[in-house]
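In the UniProt record's numbering, the protein residues as written are 1 to 142. Just below is one structure, and these are the notes that go with it.
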Amino acid sequence: MIEILLVEDDEGDIELTLEAFNRSKVALRVNVVRDGIEALDYLQKKGEFETARTPDLMLLDLNLPRKDGREVLTDMQESDRFKQIPVVVLTTSDADEDILKSYKIGANAYVTKPVGLKGLVKVVNLLEDFWFTIVKLPPHDM
């Protein structure tokens, strides 16, 4: 089972993304956290996330409350344990500065969120094909 961590604060985007993943051809579990603090707590298995599984892939919005996606990426790069987790920035911003900075601080891919379910299903299908069929993901706990 593939573990995905979706870090997103917008309920509409969460629902659309989960719906898109429900149409998946791949056996996966999507776990959702709604801000950067929860994302780091999830990775560190703190509090309510004590039994969380290390994600195979993180989908990270940049504009989050409490701690934004850029800060999450920076914190992940400072940890040998977390910097091996592939991170796809999935955000509404198509600003060159956001794209450049995201790659500089450790994003593995940057995707601008499409509008609507049809566009999001297409993006999710492409992400699945690439990350779970073509790419060899790092093993956990190494």
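Built from N, CA and C at the ideal position, the CB exists for glycine as well.
Suppose you measure from the CA of N31 to the CA of L64; what does that come to, to the nearest Å? Their Cα atoms are separated by approximately 16 Å.
Burial state of G36, where buried means 16 or more other Cβ atoms lie within 10 Å: Result: buried.
Helix, strand or coil: which one does DSSP assign to E8? In the three-state scheme derived from DSSP, where H, G and I count as helix and E and B as strand, E8 is classed as coil.
Is it right to say P55 is buried, meaning 16 or more other beta carbons lie within 10 angstroms of its own, or is it exposed? Of the other Cβ atoms in all chains shown, 16 or more fall within 10 Å of the Cβ of P55; this residue is therefore buried.
Of all the beta strand (DSSP E) runs that stay within the bounds of the UniProt domain "Response regulatory" (3–128), which reach a length of 3 or more residues? Correct list: 28–33, 57–60, 87–91 and 109–112.
Am I right that E3 and R29 are in contact with their C-beta atoms under 8 Å? What's the rounded C-beta distance? Between E3 and R29, the beta carbon gap of about 6 Å places them in contact (Cβ cut-off 8 Å).
Through-space distance from K101 to V111, alpha-carbon basis: Going from the Cα of V111 to the Cα of K101 covers about 14 Å.
To the nearest whole angstrom, what separates the beta carbons of D98 and L62, a pair I think is in contact under 8 Å? Between L62 and D98 the Cβ distance is about 6 Å, and since that is below 8 Å, they are a contact.
Identity of the residue in F130, D10 and L90 nearest L120 by Cα: Answer by Cα proximity: L90.
Are the beta-carbon atoms belonging to M1 and A27 less than 8 Å from one another? Yes. Within cutoff.
For D94, which option in K104, E78, D75 and P114 has the closest C-alpha, if you only look at C-alpha atoms? Comparing Cα positions, the closest option is P114.
Contact set for T92: own chain, Cβ-Cβ below 6 Å, skip 5 residues either direction: If you ignore the 5 residues before and after T92, its C-beta comes within less than 6 Å of the C-beta of K113, all in its own chain and listed in chain order.
For F21, count neighbouring C-beta atoms within 10 Å of its own C-beta (all shown protein chains included) and say buried if the count is 16 or more, exposed if not. F21 comes out buried.
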